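A.B. asks: What follows is a single structure, and I will ask about it in a moment.
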């Protein structure tokens, strides 16, 4: 199968959706991006254009390639616009009811062979698949932010996903230029679950006053070899996003104490100290 | 041995590495497989054992008995806070904890933890020792595993649980953590390099000190240690190693 005659649909033109649409078009797939308003679609396409220009400026792609990639992208204001896709990747806001509604519609309009994938990081893929009549063709394809730069895709087997669909999902992820790994549909999948310890234990060390923010970050980088310390990374991710990920894992695990969120993070959230994007988090980044 | 001689005690890879590095840096250092062979005078003893607590206690007590009274005992506090280590000795003021995992090559910073009774002079001597090895030091509050070993052990524990629960294959877990969050090594491969017994010791130490469930070791990790599958050094851990090859099979 070549990418030339294969269409990929993306639901949502936000940060993740536009990033996924970009790698899809870069990999040679005709790509349709759906969102609820033309404004959102335009913003998403603008984000893709800016990203491609940065690639071009660094000599990663030629001006001709840039033009061809953009020509493979179209917007759609109706989900029907995605009906001819071999794969639809949903990257709508993280609201379970909304995702289930979208999958119900996709299930009705797409051919039975179409793979329906969700990019969710906090919900059970099984719960989303259950909104369809053909849960065998529903899987998780969890990309990492920003999709054009992060090589990993977690391909998630839900309770009823068929093995053939998992294989197809893996093949498509490779065609998108990514390195896929498979994981069972369990809270946090692989990365969000295991990485919790990096953040949560650092927060615990801080709340126990065992070391300061700066010391923990320095030690994790210079003794541990991590590219970023936990606190600077939380500031980059956003305290709200990181806190929500911890909370969702805590809820999904029926309050396993290993995943219990830390009050420090909650206080920062309440204070509006969300990290770099607000100019203030564990570190100060100047006024915003 | 001269006045400022260093005794490194243990059979671990970390002990051997510390000894090699000390010699390379021109320190008057000797490696002793156990506390028995130490001849006075020694100004600093580095003790690296970090698995079974009873055994650790016996080693620390023996060292305390054979070392000159003013000598500093720099002891691995991976599994027990420095204050606990110091409580086994008659020289709590001279006991300093350090926590790091093998190998120390490539690690710029070594963490030190002073016990409640540790005196400033002893910490300074410990800092001087690591500085002589070309390392920086970071002082943190006393606790099992200090910072890096503690956080990494919890990451490894969660990876071991995920593997045991069938969430994903070992290789998939390691690839995911390297590519998804840019970890320098996959946690399971990392555990094999460190030694699973040391990772387990950190978790057991934290659980013992805090009484908290969040530090409960993954059953698989404990079983693997009991089975002798300690990682690279044993030829088998989460991966299999043949001969001198460091590559995962």
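Residue numbers (the numbering used here), protein chains in the order written: chain W, 27 to 314; chain R, 473 to 721. We treat Cβ as the ideally placed atom computed from N, Cα and C, and that holds for glycine. In this text, all values refer to a predicted model and were calculated from it rather than measured experimentally.
#1: I need the DSSP call for residue 688(R), collapsed to helix, strand or coil.
#2: Could you pull the start and end residues of the beta strand (DSSP E) that residue 183(W) belongs to?
#3: State the DSSP-derived secondary structure class of residue 192(W), mapped to helix, strand or coil.
#4: Helix, strand or coil: which one does DSSP assign to residue 596(R)?
#5: Using the rule of at least 16 other Cβ atoms within 10 Å of the residue's Cβ for burial, across every protein chain shown, is residue 667(R) buried or exposed?
#6: For residue 524(R), does the count of other Cβ atoms within 10 angstroms reach 16, so buried, or fall short, so exposed?
#7: How many Å lie between residue 46(W) and residue 169(W) at the Cα?
#8: With DSSP collapsed to three states, give me the class of residue 277(W).
#9: Going along chain W in order, which residues have a C-beta closer than 7 Å to the C-beta of residue 615(R)?
#10: Any Cβ of chain C within less than 7 Å of the Cβ of residue 242(W)?
#11: Closest to residue 701(R) by CA distance: which of 670(R), 683(R) and 568(R) is it?
#12: Measure from the alpha carbon of residue 609(R) to the alpha carbon of each residue in 114(W), 244(W), 176(W) and 128(W), then state which is nearest.
#13: DSSP state of residue 497(R), grouped into three classes?
#14: Mind checking the segment 77–98 of chain W against chain R and listing, in chain order, the residues whose C-beta falls within less than 7 Å of any C-beta there?
#15: Could you tell me which residues DSSP puts in a beta bridge with residue 206(W)?
#16: Along chain R, in chain order, which residues have C-beta atoms closer than 9 Å to that of residue 165(W)?
#17: Which bits of chain W does residue 578(R) rub up against, with CB to CB less than 8 Å?
#18: Starting from residue 657(R), trace the alpha helix (DSSP H) in both directions and tell me its first and last residue.
#19: Residue 284(W) CB to nearest chain R CB: under 7 Å?
#20: Do the segment 254–273 of chain W and the segment 285–301 of chain W touch if we need at least three Cβ pairs shorter than 8 Å?
#21: Mapping DSSP to helix, strand and coil, what is residue 611(R)?
#22: Please list the segments of the beta strand (DSSP E) lying wholly inside the segment 51–78 of chain W, counting only runs of 3 or more residues, in order along the chain.
#23: Could you spell out the range, first to last residue, of the alpha helix (DSSP H) harbouring residue 674(R)?
#24: Taking the C-alpha atoms as reference points, what is the distance between residue 121(W) and residue 273(W)?
#25: State yes or no: is the C-beta of residue 59(W) within less than 7 Å of the C-beta of residue 76(W)?
#26: Can you round the beta-carbon distance between residue 623(R) and residue 233(W) to whole angstroms, since I take them to be within the 8 Å contact cut?
#27: Using a cut-off of 8 Å between C-beta atoms, extract the partners of residue 552(R) located in chain W.
#28: Just checking: is the beta-carbon of residue 604(R) within a distance shorter than 7 Å of some beta-carbon in chain W?
#29: Roughly how many angstroms lie between the CA atoms of residue 180(W) and residue 511(R), to the nearest whole one?
#30: Determine the direct distance from the alpha carbon of residue 185(W) to that of residue 636(R), and round the result to whole angstroms.
#31: Please state whether DSSP places residue 633(R) in a helix, a strand or coil.
#32: Check the Cβ-Cβ distances between residue 248(W) and every residue of chain R, and say whether any is below 7 Å.
#33: With distances taken Cα to Cα, identify the nearest neighbour of residue 537(R) among 550(R), 552(R), 521(R) and 509(R).
#34: Flag residue 499(R) as yes when its Cβ comes closer than 6 Å to any non-hydrogen atom of the ligand MN, and as no otherwise.
#35: Would you mind working out which of 136(W), 227(W), 220(W) and 140(W) sits nearest residue 644(R), comparing C-alpha positions?
#36: 7 Å is my cut-off, CB to CB: does residue 570(R) come that close to chain W?
C.D. replies: So, to answer that:
#1: coil
#2: 178–183
#3: helix
#4: helix
#5: buried
#6: exposed
#7: 8 Å
#8: helix
#9: 236
#10: Considering every chain present, this structure includes no chain C. Its protein chains are W and R.
#11: 670(R)
#12: 244(W)
#13: coil
#14: none
#15: 179(W)
#16: Here the premise fails: no neighbours, minimum Cβ distance about 14 Å.
#17: 251
#18: Where residue 657(R) is concerned, there is no enclosing alpha helix (DSSP H), given that its DSSP letter is neither H nor E.
#19: yes
#20: yes
#21: strand
#22: 56–60
#23: 668–682
#24: 14 Å
#25: no
#26: 14 Å between Cβ atoms; not a contact.
#27: The contacting residues do not exist; residue 552(R) stays about 15 Å from chain W at best.
#28: no
#29: 57 Å
#30: 18 Å
#31: helix
#32: yes
#33: 509(R)
#34: Inclusion of the ligand MN in the displayed structure is not the case, the ligand content being empty and no account of it being possible.
#35: 220(W)
#36: no
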